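Following: one structure in structure tokens, then a few remarks.
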Amino acid sequence: MLIYIGIFVFKIIEDALGTLRIIVVSNGKKKLGALLHFANAIVWVAVTGTVISNINKDPLKVVFFALGSLVGSYFGSFLEEKIALGTNIVMTETSNVNAEKIKINLRKYKITDIKQNNNTLIMITCPRKKTNSIIELIKSYDDKCTITTEKVKSFS
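Numbering-wise, the sequence shown is residues 198 to 353 according to this note's numbering.
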């Protein structure tokens with residue numbers, strides 16, 4: 198039974214590392230991505246070698262391998278969401294009065310605004326970790342406004 202638990206746990210680790218690696222590289226962190234890939238390869242060789250060894254006599258190893266893959270992929274995505282690497286831009290259009298209140302509360306971020314008649318388009322560049330709290334703040338001033346977010350590829 199210990200071998201099945203080991204396969205399951207190490208497959209979770211391998212897939213979580215792989216998921217994180219892809220996300221880290223897509224955020225421009227190539228060196229960290231390479232280190233994660235190195236660790237991922239070591240775990241992959243160990244766990245795959247264990248599963249393949251005597252696979253005909255013990256096909257249950259494949260089931261635990263697949264279950265670990267399922268959980269590892271989900272866990273990697275969960276971890277990435279918690280780490281929240283990268284930068285987002287949050288955009289909203291609201292009344293000029295609400296826009297001023299929103300901008301005062303978010304002055305620590307890079308803000309661009311465009312006024313047209315009685316409305317203002319606000320663009321806030323922020324760490325991805327802060328996106329949800331910024332959206333909540335905007336909604337506290339104007340719960341009917343449209344809010345969009347985009348991932349920023351490069352920021353300087």
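All C-beta atoms in this analysis are idealised placements derived from N, C-alpha and C, irrespective of residue type, glycine included.
Nothing here was measured: the structure is a model prediction, and the numbers come from that model.
Boundaries of the beta strand (DSSP E) around residue 348: 344–349.
Annotated three-state conformation of residue 292 is strand, per DSSP. Residue 198 is bridged by DSSP to nothing; it lacks a bridge partner. Residues 342 and 344 of the same chain have their beta carbon placed closer than 8 Å to that of residue 336, with the five preceding and five following residues left out of the count. Excluding sequence positions up to five before and after residue 261, its CB lies within less than 7 Å of the CB of 201, 204 and 205, all in the same chain and listed in chain order. Counting only runs of 4+ residues, the alpha helix (DSSP H) found wholly inside the stretch 253–322 occupies 257–280 and 293–302, in chain order. Across the set 269, 327, 216 and 243, the C-alpha of 216 shows the shortest separation from the C-alpha of residue 231.
Looking at the backbone, the Cα of residue 288 and that of residue 241 are separated by about 42 Å. Apart from sequence neighbours up to five positions away, the residues of its chain that approach residue 325 with a beta-carbon distance below 7 Å are 281, 282, 283, 284 and 285, ordered along the chain. With at least 16 other beta carbons inside 10 angstroms of its own, residue 248 counts as buried. If you draw a straight line from the Cα of residue 229 to the Cα of residue 296, it comes to about 39 Å. In this structure, the CA atom of residue 210 is about 33 Å from the CA atom of residue 331. The Cβ neighbour count for residue 252, taken over all protein chains shown within 10 Å, is under 16; the residue is labelled exposed. Scanning its chain for C-beta atoms nearer than 8 Å, with the 5 sequence neighbours on each side dropped, one finds around residue 292 the residues 315, 316, 317 and 339, in chain order. Residue 347 and residue 256 have their C-alpha atoms some 45 Å from each other. Note on residue 254: under 16 other CB atoms within 10 angstroms of its CB, so exposed under the neighbour-count rule.
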